[in-house]
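S.K.: In the working numbering, the protein residues as written are 101 to 406. For glycine and all other residues, C-beta sits at the position ideal for the given N, C-alpha and C. Here the structure is a predicted model, which is why all the values come from computation and not from measurement.
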Amino acid sequence: MHKLIILILFLSSAGLADEKRLSIAVDTPQYVQRSEHKSLNYNSRVRFLVIHYTSSNWQRSLELLTLPEYEVSAHYLIPESFDETYHEQDLAVYQLVDENDRAWHAGKSQWEDRENINDQSIGIELVNDSACYYQDDNETLDFTDDYMCSFRDYDPKQIQLLIALSKQILDRHLEITPTRVIGHADIQPGVKSDPGPKFPWYTLHQHGIGAWYDHETVNKYWLKFTEETMPSIAQVQCGLKSYGYGVELTGEYDEQTYDFIRAFQLHFQPWQTDGRTDSKTVATLWALLEKYFPNILDAEGRLQCL
Numbered sequence: 101m102h103k104l105i106i107l108i109l110f111l112s113s114a115g116l117a118d119e120k121r122l123s124i125a126v127d128t129p130q131y132v133q134r135s136e137h138k139s140l141n142y143n144s145r146v147r148f149l150v151i152h153y154t155s156s157n158w159q160r161s162l163e164l165l166t167l168p169e170y171e172v173s174a175h176y177l178i179p180e181s182f183d184e185t186y187h188e189q190d191l192a193v194y195q196l197v198d199e200n201d202r203a204w205h206a207g208k209s210q211w212e213d214r215e216n217i218n219d220q221s222i223g224i225e226l227v228n229d230s231a232c233y234y235q236d237d238n239e240t241l242d243f244t245d246d247y248m249c250s251f252r253d254y255d256p257k258q259i260q261l262l263i264a265l266s267k268q269i270l271d272r273h274l275e276i277t278p279t280r281v282i283g284h285a286d287i288q289p290g291v292k293s294d295p296g297p298k299f300p301w302y303t304l305h306q307h308g309i310g311a312w313y314d315h316e317t318v319n320k321y322w323l324k325f326t327e328e329t330m331p332s333i334a335q336v337q338c339g340l341k342s343y344g345y346g347v348e349l350t351g352e353y354d355e356q357t358y359d360f361i362r363a364f365q366l367h368f369q370p371w372q373t374d375g376r377t378d379s380k381t382v383a384t385l386w387a388l389l390e391k392y393f394p395n396i397l398d399a400e401g402r403l404q405c406l
């Protein structure tokens with residue numbers, strides 16, 4: 101037994117000696133970091149720019165987006181003129197979350213093949229008291245009539261600030277292509293309606309922000325769909341999905357299809373938000389597909405479905 105203990109102690113000391121031979125004495129000096137060599141093999145975390153309205157005045161919006169008990173935030177908040185709770189002389193852009201950090205503004209959402217849009221987006225909240233109310237559990241109302249909305253005009257000065265901010269964001273994040281400048285309703289249809297039909301998407305497009313269609317192309321498809329056969333519901337669903345919407349391809353005009361069509365109309369046909377797949381709405385969708393995803397349509401304008 102005594103010899104065994106001696107042997108164990110010997111082997112242990114030998115092991116320590118081996119470890120000492122393997123170790124290197126290292127001090128911890130300050131290091132020099134250099135950055136003259138830059139890799140081109142990277143891209144931005146940010147792919148999407150999402151526009152919201154707050155449904156509240158300035159003071160309440162600021163509370164909702166900054167206090168921890170509400171668990172919601174956005175990267176930027178822009179006030180509007182004539183808000184009695186906003187006491188500064190001039191409007192300004194307020195950054196609430198760094199662009200490199202994840203703000204909690206998108207909820208359970210999808211655009212293109214991406215879910216959890218919070219991880220990949222910048223959210224801008226506009227102070228605007230528009231609001232929608234829902235009665236999802238009221239069995240006397242169908243899905244086309246279980247909500248009520250009140251939309252307010254946007255402040256032109258607020259929109260000017262939004263345009264200036266958005267252009268800077270697009271310069272910083274080249275992954276945000278025109279079809280990736282979207283509204284909250286686009287990524288959460290049926291739950292959200294913001295920024296609503298009074299938001300000036302076309303004005304933003306005129307300043308190089310976001311997508312819009314060409315009227316001549318819409319007219320081309322409108323004539324085609326009124327003189328020939330309209331695309332089926334399955335094809336319309338496929339067209340919406342090809343553009344970016346997270347619609348399921350059921351082939352039926354169901355509640356989710358209504359919600360996605362209405363979200364599309366809120367963005368691109370604000371004068372008609374009835375959720376119907378009529379020839380004008382589908383022609384507008386096809387015009388956008390031809391402009392931004394030309395490989396999806398064949399020479400006759402037929403959709404190459406997913």
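Starting from Phe-148, trace the beta strand (DSSP E) in both directions and tell me its first and last residue.
M.R.: Position 48 of the sequence shown, counting from 1, holds the residue named residue 148. Taken as a continuous stretch (DSSP letters only), the beta strand (DSSP E) holding Phe-148 covers 148-153.
S.K.: Can you check whether the CB of Pro-295 is closer than 7 Å to the CB of Gly-283?
M.R.: For this step, residue 283 is matched to residue 183 along the sequence shown. For this step, residue 295 is matched to residue 195 along the sequence shown. Yes. Within cutoff.
S.K.: Between Thr-384 and Gln-369, how many whole angstroms is the CB-CB distance? I'm expecting something under 8 Å.
M.R.: By one-based count along the sequence shown, residue 384 stands at place 284. By one-based count along the sequence shown, residue 369 stands at place 269. Contact holds; Cβ gap of about 6 Å.
S.K.: Would you kindly work out how many angstroms separate the C-alpha atoms of Cys-232 and Pro-129, rounded to a whole number?
M.R.: Within the sequence shown, numbered from 1, the residue matching residue 232 stands at position 132. Within the sequence shown, numbered from 1, the residue matching residue 129 stands at position 29. C-alpha separation (whole angstroms): 60 Å.
S.K.: Do Thr-377 and Ile-361 count as a contact pair if the criterion is CB distance below 7 Å?
M.R.: Looking up residue 361 in the sequence shown gives position 261. Looking up residue 377 in the sequence shown gives position 277. Taking 7 Å as the Cβ cut-off, Ile-361 and Thr-377 qualify as a contacting pair.
S.K.: Can you list, in chain order, the residues of its chain with a C-beta nearer than 8 Å to that of Ile-108? Leave out the 5 residues immediately preceding and following it.
M.R.: By 1-based counting over the sequence shown, the position of residue 108 is 8. Legend: pLDDT at Ile-108 = 48, less than 50; position of this residue unreliable, value from coordinates given subsequently. Excluding positions up to five away in sequence, the list is empty.
S.K.: Would you kindly work out how many angstroms separate the C-alpha atoms of Leu-261 and Ser-144, rounded to a whole number?
M.R.: Counting from 1 along the sequence shown, the entry for residue 261 is found at position 161. Counting from 1 along the sequence shown, the entry for residue 144 is found at position 44. Cα to Cα, Leu-261 sits roughly 24 Å from Ser-144.
S.K.: Going by DSSP, what residues sit across from Ala-231 in a beta bridge?
M.R.: The residue you call residue 231 lines up with position 131 of the sequence shown. Beta-bridge pairing links Ala-231 to Ser-250.
S.K.: Here's a check: name, in chain order, each residue in its chain whose Cβ is nearer than 6 Å to the Cβ of Ile-263, leaving out the five neighbours to either side.
M.R.: As a working mapping, residue 263 is identified with position 163 in the sequence shown. The residues are His-307.
S.K.: State the CB to CB distance for the pair Ala-192 and Glu-225, rounded to an integer number of angstroms; the pair is presumed to be in contact (CB under 8 Å).
M.R.: For the purposes of this step, residue 192 is taken as the residue at position 92 of the sequence shown. For the purposes of this step, residue 225 is taken as the residue at position 125 of the sequence shown. So it is not a contact: roughly 14 Å between Cβ atoms.
S.K.: Which one of Arg-252, Lys-380, Glu-355 and Ala-203 has the shortest CA to CA distance from Glu-180?
M.R.: Counted from its first residue, the sequence shown places residue 180 at position 80. Per the Cα distances, Arg-252.
S.K.: Starting from the C-beta of Phe-148, find all residues in its chain whose C-beta is less than 7 Å away, skip the five residues before and the five after it, and write them out in chain order.
M.R.: Position 48 of the sequence shown, counted from the first residue, corresponds to residue 148. Result list for Phe-148: Trp-211, Ile-217, Gln-220, Ser-221, Ile-276, Arg-280 and Ile-282, in chain order.
S.K.: Whole angstroms is fine: what's the gap from His-305's alpha carbon to Lys-292's?
M.R.: Locating residue 305 in the sequence shown gives position 205, counting from the first residue. Locating residue 292 in the sequence shown gives position 192, counting from the first residue. C-alpha separation (whole angstroms): 22 Å.
S.K.: According to DSSP, is Glu-390 helix, strand or coil?
M.R.: Looking up residue 390 in the sequence shown gives position 290. Helix at Glu-390.
S.K.: So within the segment 151-186, which uninterrupted alpha helix (DSSP H) runs reach at least 4 residues, ignoring any that extend past its ends?
M.R.: The qualifying runs are 158-166.
S.K.: Please return the same chain residues whose Cβ sits closer than 8 Å to the Cβ of Thr-166, not counting the five positions on each side in sequence.
M.R.: On the sequence shown, position 66 is the one that residue 166 refers to. Only Ser-173 and Leu-196 meet the Cβ criterion.
S.K.: Give me the Cα-Cα distance between Glu-327 and Phe-299, rounded to the nearest whole angstrom.
M.R.: Your numbering for residue 327 matches position 227 in the sequence shown. Your numbering for residue 299 matches position 199 in the sequence shown. For Glu-327 and Phe-299, the distance between alpha carbons rounds to 33 Å.
S.K.: Whole angstroms is fine: what's the gap from Tyr-321's alpha carbon to Asp-354's?
M.R.: Taking the first residue of the sequence shown as 1, we reach residue 321 at position 221. Taking the first residue of the sequence shown as 1, we reach residue 354 at position 254. One C-alpha to the other measures close to 24 Å.
S.K.: Give me the Cα-Cα distance between Leu-274 and Thr-240, rounded to the nearest whole angstrom.
M.R.: If you number the sequence shown from 1, residue 274 lands on position 174. If you number the sequence shown from 1, residue 240 lands on position 140. Going from the Cα of Leu-274 to the Cα of Thr-240 covers about 48 Å.
S.K.: Going by other Cβ atoms of all chains shown within 10 Å of its Cβ, with 16 needed for buried, is Asn-200 buried or exposed?
M.R.: By one-based count along the sequence shown, residue 200 stands at place 100. Per the 10 Å Cβ criterion, exposed.
S.K.: So Ser-230 packs on Ser-155, CB below 8 Å; how close in whole Å?
M.R.: Here residue 230 corresponds to residue number 130 of the sequence shown, with the count starting at 1. Here residue 155 corresponds to residue number 55 of the sequence shown, with the count starting at 1. Their Cβ separation, rounded to whole angstroms, is 6 Å, which keeps Ser-230 and Ser-155 in contact under 8 Å.
S.K.: With a Cβ-Cβ cutoff of 7 Å, do Asn-228 and Thr-185 count as a contact?
M.R.: One-based indexing of the sequence shown puts residue 228 at position 128. One-based indexing of the sequence shown puts residue 185 at position 85. Result no, Cβ atoms of Asn-228 and Thr-185 do not sit closer than 7 Å.
S.K.: Please return the same chain residues whose Cβ sits closer than 6 Å to the Cβ of Ala-203, not counting the five positions on each side in sequence.
M.R.: Taking the sequence shown and counting its residues from 1, one reaches residue 203 at position 103. Excluding positions up to five away in sequence, the list reads Ser-173, Ala-174, His-175, Val-197 and Gly-223.
S.K.: Taking only runs that begin and end inside the segment 338-396, name each unbroken alpha helix (DSSP H) of 4 or more residues, in chain order.
M.R.: Complete alpha helix (DSSP H) runs here, min 4: 355-368 and 379-392.
S.K.: Just the Cα atoms here: how many angstroms apart are Asn-141 and Ser-135?
M.R.: As a first step, residue 141 must be located in the sequence shown, where it is residue number 41. As a first step, residue 135 must be located in the sequence shown, where it is residue number 35. C-alpha separation (whole angstroms): 15 Å.
S.K.: Quick check on DSSP: helix, strand or coil for Tyr-194?
M.R.: By one-based count along the sequence shown, residue 194 stands at place 94. Tyr-194 falls in the strand class under three-state DSSP.
S.K.: Starting from the N-terminal side, write out each stretch of the alpha helix (DSSP H) that is 4 residues or longer and does not extend beyond the segment 278-314.
M.R.: With a minimum length of 4 residues, the continuous alpha helix (DSSP H) runs that stay inside the segment 278-314 are 284-287 and 301-306.
S.K.: From Val-318 to Glu-400, what does the alpha carbon distance come to, in whole angstroms?
M.R.: In the sequence shown, counting from the first residue as 1, residue 318 sits at position 218. In the sequence shown, counting from the first residue as 1, residue 400 sits at position 300. Cα to Cα, the separation comes out at about 15 Å.
S.K.: Could you tell me if Tyr-345 is buried or exposed, where buried requires 16 or more neighbouring beta carbons within 10 angstroms of its beta carbon?
M.R.: Here the question's residue 345 lines up with position 245 in the sequence shown. When all chains shown are included, Tyr-345 counts as buried.
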